[in-house]
Amino acid sequence: MAEDCSFPGATKPLGRDGPPVSPDWWQTMFDEVYLLTDARSVGNQKLTSQEVDRLINHLQLNPRETILDLCGGHGRHALELGRRGFLHLTVLDYSPHLLHRGREQARRANLAVAFVRGDARRLPLAAATFQTVLILANSFGYGQDQQEDEQILKECSRVLVPGGRLFLELPDPLYLRTHLLPRAWHEAEAGVIVCRERWLSETFLTCRELVLSRQRGLIRDCTYRMRLYEAPAITASLHRCGFLRVQVKGGFSPYPDPDEYGGLSTRLLVTARR
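Encoded structure:
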């Protein structure tokens with residue numbers, strides 16, 4: 257496999273925002289193919305354990321807290337918290353495939369983690385239910401516009417108890433502007449090769465992803481996008497949505513070689529109080 261992946265149709269000049277992206281790309285992206293393409297992150301138990309170590313230390317989490325892992329996929333972080341004795345854990349995600357996988361893992365491990373399907377813009381959860389809401393691993397910024405992103409923050413505020421906290425992990429725009437590779441590839445499990453072409457603007461990180469199987473050929477050609485937030489912008493959004501005492505810390509990476517992981521490489525850690 258050559259390092260220069262071929263992207264059919266990408267030879268014409270494109271603006272800095274990259275190719276058009278469906279506003280609903282996130283509704284179909286997170287499936288069994290995603291679990292292959294991102295296995296080195298979302299399927300890496302050692303990495304998940306290290307991330308949870310840092311999460312507990314950074315937030316001083318209490319095992320008796322009510323915690324919502326929002327846009328949590330198959331609940332890898334919540335399941336690890338459950339293994340460590342955390343008692344009140346809920347995962348909410350839109351993907352039926354990921355939720356099914358998480359429920360099965362919880363059942364096999366006898367962990368009391370609840371898995372709920374829903375849209376983060378309209379949470380099917382009661383107000384003032386949780387002490388902590390987590391949005392981890394860059395699962396924020398998928399809205400069609402900033403108002404959609406802020407609707408998620410308003411819902412987080414609604415389901416938090418007074419004094420509760422929200423914790424976000426976001427791509428670090430400064431790091432991306434100095435380190436992002438415009439093209440990258442890696443070989444995943446089961447003979448699957450993942451090629452990504454990226455565009456970076458002041459507002460968005462856009463990625464076109466080709467997934468090829470050595471046995472079956474092309475199995476995915478998709479484009480997705482996330483909005484980038486500098487510290488002042490996310491702080492302003494959180495204030496508009498009812499949060500106080502916002503703290504932003506940059507330069508966090510869970511990877512030994514962060515340059516290979518695109519938007520996940522280095523993250524902003526954002527904490528805000530309801």
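Going from the sequence shown to the working numbering is simple: count from 1 and add 256.
Ideal Cβ placement from N, Cα and C applies to all residues, glycine included.
Using the three-state DSSP reduction, which class does residue i fall into: helix, strand or coil?
i: H330; result: coil
i: R529; result: strand
i: Q471; result: coil
i: C497; result: coil
i: R320; result: coil
i: L270; result: Any reading at L270 is ruled out, since the residue's pLDDT is 41, under 50, leaving its predicted position unreliable.
i: Q387; result: strand
i: L436; result: coil
i: T284; result: helix
i: G338; result: helix
i: P427; result: strand
i: E516; result: helix
Taking the straight line between their C-alpha atoms, what separation do you get for residue i and residue j?
i: H227; j: F508; result: Examination of residue 227 is not possible in this model, given that the chain is present from 257 through 530 alone.
i: A258; j: A295; result: In this prediction, A258 has a pLDDT of 37, which is less than 50 and means its spatial position is unreliable; what the coordinates show is noted afterwards. Their backbone Cα atoms lie some 21 Å apart in a straight line.
i: R464; j: E406; result: 25 Å
i: V369; j: V347; result: 7 Å
i: P418; j: F386; result: 9 Å
i: N318; j: V389; result: 13 Å
i: P512; j: D375; result: 33 Å
i: Q400; j: L524; result: 21 Å
i: R363; j: E411; result: 29 Å
i: V450; j: V289; result: 10 Å
i: H442; j: L466; result: 11 Å
Going by Cα to Cα distance, which pick from the options is closest to residue i?
i: S413; options: C451, E465 and I391; result: I391
i: L303; options: V504, P510, S278 and C451; result: P510
i: A528; options: D513, L520, P512 and V502; result: V502
i: L426; options: Q403, E443, S395 and G328; result: S395
i: T284; options: R476, L484 and I490; result: R476
i: Q361; options: R339, P380 and L343; result: R339
i: S351; options: T462, W281 and L500; result: W281
i: G420; options: A444, H435, A383 and E445; result: A383
i: E307; options: C327, I323, R332 and P275; result: R332
Applying the 10 Å Cβ sphere with the 16-neighbour rule, what's the burial state of residue i?
i: T522; result: buried
i: L311; result: buried
i: W455; result: buried
i: R530; result: buried
i: G473; result: exposed
i: L325; result: A small fix is needed here, since residue 325 is Asp in this sequence, not Leu. Label assigned to D325: buried.
i: R496; result: exposed
i: D309; result: exposed
i: L343; result: exposed
Taking the Cβ atom as the reference point for each residue, do residue i and residue j lie within a distance shorter than 7 Å?
i: R439; j: E453; result: yes
i: P429; j: E486; result: yes
i: D273; j: F460; result: yes
i: G329; j: L367; result: no
i: T479; j: V277; result: yes
i: L381; j: V415; result: yes
Against chain B, does residue i count as a neighbour if the rule is that its beta carbon must be under 7 Å from one of theirs?
i: E288; result: Among the protein chains of the structure shown there is no chain B, as only one such chain exists.
Check whether the Cβ of residue i lies closer than 6 Å to any heavy atom of the ligand NAP, and answer yes or no.
i: H435; result: Questions concerning the ligand NAP fall outside what the structure shown contains, since it holds no ligand whatsoever.
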